[in-house]
Amino acid sequence: MPATAFSFTDEQRQFRDVARRFLGDVSPPTAVREWMESASGFDPAVWDRLAKELGFCAIHVPEAYGGQGFSFVELGIALEEMGRALLCAPYFSSAVLATGAIQHGGSEAEKMALLPDLAAGTRRATLAFTEPSGGWDVEQVALTATPVGGGYRLDGEKRFVLDGCTADFIIAVARAPGSRGADGLSLCILPGDAKGIERRPLRSLDPTRKLAHLTFHGARAAPLGEPEGAAAPLKRALAEAAAALANEMVGGAQRMLDSAVDYAKLRMQFGRQIGSFQAIKHKCADMLLEVELAKSAAYRAAAAVAEDDTDAPALASLAKASASEAYLGAAAACIQIHGGIGFTWENDTHLWFKRAKASEALLGDAAYHRELMMRHMQ
Amino acid sequence: MPATAFSFTDEQRQFRDVARRFLGDVSPPTAVREWMESASGFDPAVWDRLAKELGFCAIHVPEAYGGQGFSFVELGIALEEMGRALLCAPYFSSAVLATGAIQHGGSEAEKMALLPDLAAGTRRATLAFTEPSGGWDVEQVALTATPVGGGYRLDGEKRFVLDGCTADFIIAVARAPGSRGADGLSLCILPGDAKGIERRPLRSLDPTRKLAHLTFHGARAAPLGEPEGAAAPLKRALAEAAAALANEMVGGAQRMLDSAVDYAKLRMQFGRQIGSFQAIKHKCADMLLEVELAKSAAYRAAAAVAEDDTDAPALASLAKASASEAYLGAAAACIQIHGGIGFTWENDTHLWFKRAKASEALLGDAAYHRELMMRHMQ
Amino acid sequence: MTEPNEAGVRAQARAWLAEHWDAERSLVAWRGMLADSGWGMPHWPEQWHGRGLAVALSQAVDEEFAQFGAVGVAKMGIRLLAGATLLEHGDDFHKERFLRRILTGEDTWCQLFSEPGSGSDLAGATTRADLDGDNWVVNGQKVWTTSAHHADYGLLLARTDWDAPKHQGLTYFVLNMRQPGVEVRQLRQMNGHASFNEVFLTDAKIERPYRVGAVGQGWRIAMTTLAHERRGADGLRGSARERLGEGRIYAEEAAETATLMEPYKWYPQRAGRVDLVLPRARETGRIADPAVRQAVARLLVLARSAEWTARRARADQELGRPQGPEGSLGKLAASHVARAAAHAHTLIAGADAMLAGDDGPLDGLIAEILVSVPATSIAGGTDEIQRNIIAERVLGLPREPRMDSGPFRDVPRNVGG
Amino acid sequence: MTEPNEAGVRAQARAWLAEHWDAERSLVAWRGMLADSGWGMPHWPEQWHGRGLAVALSQAVDEEFAQFGAVGVAKMGIRLLAGATLLEHGDDFHKERFLRRILTGEDTWCQLFSEPGSGSDLAGATTRADLDGDNWVVNGQKVWTTSAHHADYGLLLARTDWDAPKHQGLTYFVLNMRQPGVEVRQLRQMNGHASFNEVFLTDAKIERPYRVGAVGQGWRIAMTTLAHERRGADGLRGSARERLGEGRIYAEEAAETATLMEPYKWYPQRAGRVDLVLPRARETGRIADPAVRQAVARLLVLARSAEWTARRARADQELGRPQGPEGSLGKLAASHVARAAAHAHTLIAGADAMLAGDDGPLDGLIAEILVSVPATSIAGGTDEIQRNIIAERVLGLPREPRMDSGPFRDVPRNVGG
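Order-wise, the sequence lines are chains A, B, C and D. Here our numbering = 1-based position in the first sequence + 16. Here our numbering = 1-based position in the second sequence + 16. Here our numbering = 1-based position in the third sequence + 785. Here our numbering = 1-based position in the fourth sequence + 785.
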């Protein structure tokens, strides 16, 4: 690999600066606190600016589908900055999960029909994949799709659906009655307010990312992509989502490191800045190491997706495993360095800690991804 | 459990003092270095004193078989002190492994015949259990015992046999031809120099404990205990050996802690004792915690064996898992605190480090014992 | 006086209880009888509501009370730390005025030591007390105060001399919390509970006799309070008595306990709820996952070893032996246990780890564990401070060079904190 | 002079090589031609065996040499650190006398900085050099010296002023190793290798002109040497050239390399041999064990991330960007990788982990890994020192208060060390 594969271009660095400035403006902790307490979980005005001014939803969507045609690397940069700012927005659900499912699973016509709206941010979608069993493999899907006319009748449940209560439409993964494992899986698409769907918000540990429980009572859905051929595109979309999430997570981890270091320079105890004590100093050095290693993994995974590398799924799992431990570790260390004040509601650290904790579980925890990675490597 | 279950009696404390003094005298690092380089691996004169003056081989052997009739707790104390002093002697093989196998697997008559010599230390035995496959389960045994007359003909190999080249007799675990798993296992006893055994010393990572490879070419052996009924007594003997080894290991771990702390108080860098730097201080505090936790586990396991507790196998595995990580951790930290000098041959730390590393693997590593423990707890 | 023996003391206690116990008495009235008879705190001196018994005999009396089903004096919360401290360092005025009402439970107390600017470095307190005529006038801010909002009195550590070295410029006071200069605000934690208060002191008044010990002796006295706290004298571990009785006195005691325990109800979650790990692993079926098994096993190795280590320390203590190193390790071990437990709970919960409240596993209890555990390594002395203590006091490693000697006035400290 | 362009320089180098290269020349003769023509060290000044080219152009020349298959000047070992240091801080006498023979490989060098009493604290050196007439007389002990037993010269850091603060009392010298006052003893390591020496200096002599830089400037000059060492100027990473050629010169170079690399042959094992982990896990079948899989995966996550982090640092460097934090993390990351690799190798080896030498897995290589890895977190700066450096230089955290300022004479130090 050329050296440039390990660095960002000047354009990418400028893009990061723009994203960081914008997100710093629209998503200070006060805004995070406001929107995390809201039902929808995001500020429509910020969403509009994000989509229109910055074109964030279109970053990696090919130009043919109304996108900007940048690569997954630019998407990773945007996500990293969103993670850093802890932006409350239905971005991951729509621009990563749903967009990815359509890109890999949809037909040409479907991509032409669906992606431009998502890329413009005028409509938002989500992927309804996980179920009450809580598994992250495609095999765990139990929602049934019974063929009816040219579409399906859906029966069953989806859980942990990101932004499931606010999405304009839902891409549900369902299986042919009687099918098992990776066989018989189809992508089904239906409006968020379709008859026969019951949407219920879930109380989430991380209030900055909204989760929903969806119950399907004979809801009618249209097919998306090849019937009963969803397993492969879905696996790919999930691997890419893991790479994307890893990039979001390292942004949060870096913010925790910055916060801890700033506080360690400020806070005095025993007549010294606490950052002059080796206990704190070395903890910060260890945080830096963990965070930089996790960043390297996240960047590498994004580059592999961008390059359509056959290693991409393994690298995505590697990055998700690394980010899961680094982010939680950095958030916990940030609380620890803040001491008692770091455990208060008033202090902002817990907002990131909770995102770290929930992101650890989202798309599968570190142990799960290490196992996945080993399967790819065997 | 009564509080006294968590403390040593005054007699036990005195016993520890005596053992520590004796072992400090006979097993200083200079002696360890001398005997670890020898072929036999031990000083016969010290062995004699150990057996005769201190009666160490007889500690937990019932008085009916020539033992002192103390409990496994006293055995644990003796082992802990031997681990601390890194005594080079065929004690674990004979007084723990072989004695345990006979105690649990032998008939009354066999115990009367065999144990007194072992308890007196006039003869030494070992248990030949593991094979080239390297497994620690009874199921891995492949050595075949073909019934011949009233005994067996043994064919196959044993590896990692503790003191296998110097033992007066060998208790080999073998299986009936064609048997599988825990079925068909028998204990077989034969002289160390029997015809048809080839004994070859193995070069061991830890030269303070000698290992042998035994090849059996139709060697004739007598049965010990119930034919094809060895699985249960063997499992028990192995669990007890794990508890015993954990006690030996925590003695070594404590020695590493003491050595690290002593050096940290002595060594000056940057105009200060290095022990005044938090990096070193906190490392020592963490070592103390790990070592004390491992001690608690080792003591509890020994007490459970002494009390014939049904939990004893689970507690033995718990203790072995704990001791494996604590000892290696303490030895590595001791090297680290010594800095470059700690990595030299001249410095004694590596002697314990190597014992820690080899003991980690002996009888199964921490991951193996955690899994065993979970099976007992399910 | 000959040393009374245990059997005799037990018999006496039983006889006294048989004669006086009445479950329909009011709690305060009964405790008044205990305070007057000395049976409430038998190891306190006879002059001050005790019977001058050895601590071991006092424990025997406790056991008799538990077995009899009788209610004891008010032993929960900060008030008992106040009692112990005043007994040791107070003058007759203090003892007269406070001890009995502490034992009856009529007064509740809080501890005003920590400040926003001095957490790990408690002796760096900057709340000031200045003598103005017959009163001390107090200004500053305290924090991490449990139950300050319904406390009658506070144990206050305040700086009275800014030119003395920092440990020598502090004085210990009893502060009347029911006065205009004392403002109490609840402090919400990241887990949503609000167990602590901030206390703002603005020209709060303390009459001269409410000073405890000499001026400048505050640090030494605060150490007494903290030592009692470490020994568990705040009684949060609860009594051994099984509360089976019915009657007015039990109802009154239950209400008191509920109020006092309110701030502590998340403490078991903070500690990681190791008890729930194996059952949860079994119920969810996650015990079949090898990675989960290893994590659970790691936790159990740690938690059991920590428990046995604590029991070793207690056993030696009970046998009257000098304390070994085990006794200082509990707090640090608890941090490891809590973290390992949170990790195991996370693995077991899988996707459910993302949910809280009614939607979360065990009605949100697992989520509460996950967002409470970070407090374990901070509250009551951070892990870093614990490691310092262990290294210096147990292992005898040298202290760090100090940067905070000399007049406190010149010691660098937090601005505005 | 206009700045030469890369294509031009490459063409020139190729042309020069085509004209002069002869594989049957002696190594020293060929290198003499390189030193005289400036093609051996093109970024050195024209006056001193170079061509005054930019570093990037010098790398282009290296590539041409590699592609051509031509042997370069002696770039391995401490001698190149000596060359770089003398080029920067030496006077004309030093440059004249030493540089050419360094490049031809006729002289080998060693570094005499570390002492038994000053490891992490290099500036605490107590080896003394005292001026006696026209000679400096050196007494003391150095340690961790690679290849001292066949070195011609040593780069010596010695104390010349005991009343100056410790960093200001040191002076830098070139010591002739071939003299009676210099005694070299091999130092055996716990892994059985003996890669280092102890050097005992007893009234060893240094003529005045062999002092480098001013008296008291030794620390600053030593920092130059160490900076070159960190930048990898000791050439231990080897050249990119594939040594396919045959002929006298290749044979002589191979012999030289073998001698120089001898002390380093366990370095790959010290680093944990990550490359062997997956193959070993597969061959032994242990990859089927879930605990082994997790340990191997943990290692690979760490090792790959560390590798990519190093590449990020290098990429930015090549692009001429200011160095990000990644650049300082390699050494600390390597410690973690080595430990994780040793752990994975242990799990994979199972009972075989107890065996060494011929009996051990891979003819003892696994055992060598297990007993070599502890050096990774010590050699070249302990993990603790690395964390200090990262925290202070990268994160900007404040330094610790110093206890070793003032005259060195009064600084507490190791007795007899």
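The beta-carbon is built from N, C-alpha and C at its ideal position, and this holds for glycine as well. Everything numeric in this text was worked out from a predicted model, so none of it was measured.
Closer than 7 Å by beta-carbon distance: list the chain A residues that pair up with residue i, in chain order.
i, result
"C/Gln974", "Phe359, Thr360, Trp361"
So, residue i versus residue j, is the Cβ gap smaller than 8 Å?
i, j, result
"A/Ser292", "A/Cys350", "no"
"A/Val189", "A/Ala235", "no"
"A/Gly355", "A/Leu95", "no"
"A/Gly200", "A/Glu244", "yes"
"C/Asn920", "C/Glu1153", "no"
"D/Phe898", "D/Ala1007", "yes"
"A/Ala319", "A/Leu91", "no"
"D/Ala839", "D/Phe1193", "no"
"D/Arg816", "D/Thr889", "yes"
"B/Leu397", "B/Arg371", "This structure leaves residue 397 of chain B out entirely; chain B is present only between 17 and 394."
"D/Ile1163", "D/Ser1113", "no"
"C/Arg1055", "C/Val1158", "yes"
Anything in chain D within Cβ reach of residue i, meaning under 9 Å, just list it in chain order.
i, result
"A/Glu387", "Pro1075, Arg1078, Gln1079, Ala1082"
Tell me where the alpha helix (DSSP H) around residue i begins and ends.
i, result
"C/Asp915", "Counting along the chain, C/Asp915 falls outside any alpha helix (DSSP H), though it belongs to the beta strand (DSSP E) covering 913-917."
"D/Lys951", "Neither: D/Lys951 is in no alpha helix (DSSP H) and is coded neither H nor E."
"C/Thr1131", "1115-1134"
"B/Val266", "247-282"
Helix, strand or coil for residue i, going by three-state DSSP, please let me know.
i, result
"C/Trp921", "strand"
"C/Asn961", "strand"
"C/Asp876", "coil"
"D/Glu1047", "helix"
"D/Ala1025", "Because D/Ala1025 sits at a pLDDT of 47, beneath the cut-off of 50, its placement in the model cannot be relied upon, and the point is left open."
"D/Asp1195", "helix"
"D/Met786", "Low confidence applies here, because D/Met786 scores a pLDDT of 47, under 50, leaving its location unreliable; read the following figure in that light. Correct three-state label for D/Met786: coil."
"D/Asn976", "coil"
"A/Cys207", "According to the sequence provided, residue 207 of chain A is Pro. The question's Cys does not apply to it. Three-state result, A/Pro207: strand."
"A/Gln30", "helix"
"D/Arg1184", "coil"
What residue range does the beta strand (DSSP E) around residue i cover?
i, result
"C/Gln896", "894-897"
"C/Ile1151", "Where C/Ile1151 is concerned, there is no enclosing beta strand (DSSP E), although the alpha helix (DSSP H) it sits in stretches over 1150-1157."
Identify the contact partners of residue i in chain C, using a Cβ-Cβ distance below 7 Å as the criterion.
i, result
"A/Leu218", "Leu1140, Asp1144"
What does residue i touch in chain B if you count any residue whose Cβ is under 8 Å from its own?
i, result
"C/Arg1178", "Those within 8 Å of C/Arg1178 in chain B number zero; the least Cβ separation is about 10 Å."
"C/Ile1072", "Met390, Gln394"
So which residues of chain D does residue i contact, with C-beta pairs closer than 7 Å?
i, result
"B/Gly150", "Gly1135, Ala1136, Asp1137"
"A/Ser195", "Going along chain D, no residue has its Cβ under 7 Å from A/Ser195, so there is no contact; the nearest lies around 28 Å."
"B/His392", "Within chain D, no residue comes near B/His392; the closest Cβ sits about 17 Å away, beyond 7 Å."
Residues of the stretch 1090-1108 of chain C whose Cβ lies closer than 7 Å to any Cβ of chain B, in chain order
Of all residues in the stretch 1090-1108 of chain C, Ser1090, Ala1091, Trp1093, Thr1094, Arg1096, Arg1097, Arg1099, Ala1100, Asp1101, Glu1103, Leu1104 have a Cβ within less than 7 Å of some Cβ in chain B.
If contact means a Cβ-Cβ distance below 8 Å, which residues of the stretch 1146-1157 of chain C contact chain A?
For the stretch 1146-1157 of chain C, the residues whose beta carbon sits under 8 Å from a beta carbon of chain A are, in order, Gly1149, Ala1152, Leu1155, Val1156.
Taking beta-carbon pairs under 9 Å, can you tell me which members of the stretch 1134-1146 of chain C lie near chain A?
Residues Ala1134, Gly1135, Ala1136, Asp1137, Ala1138, Met1139, Leu1140, Ala1141, Gly1142, Asp1143, Asp1144, Gly1145.
Name, going along the chain, the residues of the stretch 275-296 of chain B whose beta-carbon falls closer than 8 Å to a beta-carbon of chain A.
Those would be Phe293, Gln294, Ala295, in chain order.
Closer than 7 Å, Cβ to any Cβ of chain C: which residues of the stretch 1179-1192 of chain D, in chain order?
Correct list: Pro1186, Met1188.
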